[in-house]
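Asker: Read left to right, the sequence shown gives residues 4 to 360 (our numbering).
Glycine included, C-beta positions come from ideal geometry on N, C-alpha and C.
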Amino acid sequence: MRTYVKFIIFTFLKSFTNIFLIMFGLVLILNLLSELDFFKDIEVNTYFPLYLSLLNSLSLIFEMFPFIFLISTQFFFINFFKNNELDIFKYSGLKNSNIVKILSFLTFFMGILIIIFFYNLSSNFKNFYLELKSNYTSDNKYLAVITNNGLWIKDKIDDKILIINSNKIEPNYLVETFISEFDTNFEIIRNIKSDKINIKNNEWIIENPKIFIKNRSEEQTELKIISNFNYQRIQSLFSNLSSLSILELFELKKNYKLLGYSTVEVDVQINKLTSYPFYFLLMTIFSSIIMFNSRKLKNSGVIISLGLFSSVIIYYVNNFFYVLGNTERISLLFSIWIPLMILSILNMIMLKNINEK
4 MRTYVKFIIF
14 TFLKSFTNIF
24 LIMFGLVLIL
34 NLLSELDFFK
44 DIEVNTYFPL
54 YLSLLNSLSL
64 IFEMFPFIFL
74 ISTQFFFINF
84 FKNNELDIFK
94 YSGLKNSNIV
104 KILSFLTFFM
114 GILIIIFFYN
124 LSSNFKNFYL
134 ELKSNYTSDN
144 KYLAVITNNG
154 LWIKDKIDDK
164 ILIINSNKIE
174 PNYLVETFIS
184 EFDTNFEIIR
194 NIKSDKINIK
204 NNEWIIENPK
214 IFIKNRSEEQ
224 TELKIISNFN
234 YQRIQSLFSN
244 LSSLSILELF
254 ELKKNYKLLG
264 YSTVEVDVQI
274 NKLTSYPFYF
284 LLMTIFSSII
294 MFNSRKLKNS
304 GVIISLGLFS
314 SVIIYYVNNF
324 FYVLGNTERI
334 SLLFSIWIPL
344 MILSILNMIM
354 LKNINEK
């Protein structure tokens, strides 16, 4: 590897590390303030909120990586401009486009490593964080999971515990459902079997239930029970996909299909992760172009502000398309890749005269 390539890589990694640590520190402090507010009326160990903040911060910082790459690239070039190192490279025959290529390959490689290692680590930490924090929320006695055996719900109403298993979920309905009702000592009270249950509201309407009590059974036209769950709440329980590793996302997608549950959100998350190395690459190129075009500006604050303003616009455009994809207004692939294609075209246009800067 040539000396100038090593120098560029080392300088960029140094800039990236500094920005990452600054961002992580800010996220940790903001997260800690949030946890302290949550636990202000709950007696816990002094260090517990800090521990939870650390667990949750990795997941939050992962979402900021596109902007970390953008700002890191800006500081990389600011240092080059200050020390006139860019002019030295030019006199040595190294074009601006070559520098962009080196940074692009480095960024893409780092993106792959981030997805493989950092994301899986952050998702495990996020999952652990949610498990720990659920012990201090009012929802800790409720549980809903999706497995290859269908949807399982543990619910507690008054002095009764309900264990619910459904083979399929449709909008506002549970299909082919078996409910076991226990007392607080987990002594069975009754079992209820139904082909269809209306769960639009917290008052479930069980259609044509077959009720088993001890050794006898009876059938009714309709039965109503109260639950802490409804269709909307069940949907929201599975929206925190950042707590699942890549392999767990594929497993969840398979279970969703078995249950007849929409896989759109899971597909969006998988495609989003797949696109991230390209996203990082495009943000680095975009930031490089901004820096080459604003080289004459002496105020670093103005240059960084320009980059941050651009990153905010890119973020909201991306988020807008994600929402369209999640709501199935546009194709899933379009929702993920169209913003990146737009940014790619923009980069290609602006890269045209990059060597003249």
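Kindly indicate the opening and closing residues of the beta strand (DSSP E) around Ser197.
Answerer: Its beta strand (DSSP E) spans residues Ile191 to Asn201.
Asker: Less than 8 Å separating the beta-carbons of Leu244 and Tyr132?
Answerer: No, these two residues do not count as a Cβ contact at 8 Å.
Asker: Assign Asp162 to one of two classes, buried (16 or more other C-beta atoms within 10 Å of its C-beta) or exposed (fewer than that).
Answerer: Burial call: exposed.
Asker: Quick check: what's the CA-CA separation for Asn188 versus Ile164?
Answerer: Looking at the two C-alpha atoms, the distance is approximately 9 Å.
Asker: With three or more C-beta pairs closer than 8 Å as the rule, is the stretch 249-267 touching the stretch 308-324?
Answerer: Contact fails: fewer than three Cβ-Cβ distances are below 8 Å.
Asker: Where does Lys213 fall in DSSP's three states?
Answerer: DSSP places Lys213 in strand when its eight states are reduced to three.
Asker: Using the rule of at least 16 other Cβ atoms within 10 Å of the residue's Cβ for burial, across every protein chain shown, is Asn315 buried or exposed?
Answerer: Looking at the sequence shown, residue 315 is not Asn but Val. Counting Cβ neighbours within 10 Å, Val315 comes out exposed, since fewer than 16 surround it.
Asker: Indicate whether Asp158 and Ser265 have their beta-carbon atoms separated by less than 8 Å.
Answerer: No, they are not a contact pair.
Asker: State whether the stretch 315-327 contacts the stretch 104-116, with contact taken as three or more CB pairs (one from each stretch) at a distance under 8 Å.
Answerer: Because the criterion of three Cβ pairs below 8 Å is not met, the stretch 315-327 and the stretch 104-116 do not touch.
Asker: Once you ignore the five residues that flank Asn321 on each side, which residues in its own chain have a CB closer than 7 Å to its CB?
Answerer: Closer than 7 Å at Cβ, skipping near neighbours: Pro342.
Asker: Between Phe41, Val8, Tyr7 and Phe120, which has its C-alpha nearest Leu61's C-alpha?
Answerer: Looking at the Cα atoms, Phe120 is the closest of the given residues.
Asker: Short of 7 Å in beta carbon distance, which residues of its chain neighbour Ile115, apart from the five on each side in sequence? Order them along the chain.
Answerer: Closer than 7 Å at the Cβ level, and outside the excluded window around Ile115, lie Pro280.
Asker: Ile228: which of Ser297, Ile45, Val148 and Pro212 sits nearest, CA to CA?
Answerer: Nearest option by C-alpha distance: Pro212.
Asker: Measuring alpha carbon to alpha carbon, tell me which residue in Ser183, Glu225, Thr20 and Ile200 is nearest Glu173.
Answerer: Among Ser183, Glu225, Thr20 and Ile200, the Cα nearest to that of Glu173 belongs to Ile200.
Asker: Which residues in the same chain have their Cβ closer than 7 Å to the Cβ of Lys275, if we skip the five residues on either side of it in sequence?
Answerer: For Lys275, where only same-chain residues beyond five positions count, the Cβ hits under 7 Å are Ile339.
Asker: Taking all protein chains shown into account, do 16 or more other C-beta atoms lie within 10 angstroms of the C-beta of Phe112, making it buried, or fewer, making it exposed?
Answerer: That one is exposed.
Asker: Name the DSSP beta bridge partners of Arg219, please?
Answerer: The partner list for Arg219 (beta bridge, DSSP) reads Ile216.
Asker: Do Glu225 and Glu206 come within 8 Å of each other at the CB atom, strictly closer than that value?
Answerer: No; because the gap between Cβ atoms is not below 8 Å, this pair is not in contact.
Asker: State the beta-bridge partners of Tyr363 as determined by DSSP.
Answerer: The structure shown has nothing for residue 363, since the chain only spans 4 to 360.
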